[in-house]
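Below is one structure; the comments refer to it alone.
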Amino acid sequence: MVDKEDLRSQFVDAFEEADYPISSPMDLVPALPGGPSTKFESGDFSMTAMELNTKLNGEFPYESVDDFVDDVMASLEDQDLI
-4 MVDKEDLRSQ
6 FVDAFEEADY
16 PISSPMDLVP
26 ALPGGPSTKF
36 ESGDFSMTAM
46 ELNTKLNGEF
56 PYESVDDFVD
66 DVMASLEDQD
76 LI
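Anchor point for the sequence shown: position 18 equals 13 in our numbering, and the numbering is continuous, going up by one each time.
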């Protein structure tokens, strides 16, 4: 079972150092500790940042890490991935 709060925390930790506002997924890459291969895991959920990008339903730009992570979580929930 996925711990959504833990997963959200992982996303915030990974993406908070990006230079907001961000206008594309490429703006996030320099902030990621492992680049596009940075992995997020919780319970039976496991996905790299590159894979995560293919699941995002939101639209750039994002003004803050919370705005971005809110859309990431909503996209994953909408697709029954978490």
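Heads up, the beta-carbon is just placed ideally off N, CA and C, and yes, glycines get one too.
- E0 places its beta carbon 8 Å or farther from that of V60.
- Per DSSP, the unbroken alpha helix (DSSP H) holding M68 starts and ends at V60 to D73.
- Looking at the DSSP output, Y57 shares a beta bridge with I17.
- Within its own chain, the residues whose Cβ lies closer than 7 Å to the Cβ of G38, once the five positions on either side in sequence are excluded, are M(-4), V(-3) and D(-2), listed in chain order.
- When the Cα atoms are used, A69 and P28 turn out to be separated by approximately 23 Å.
- In this structure, the straight-line span from the alpha carbon of D14 to that of E72 is close to 26 Å.
- Within a 10 Å sphere around the beta-carbon of T33 sit 16 or more other beta-carbons, which makes this residue buried.
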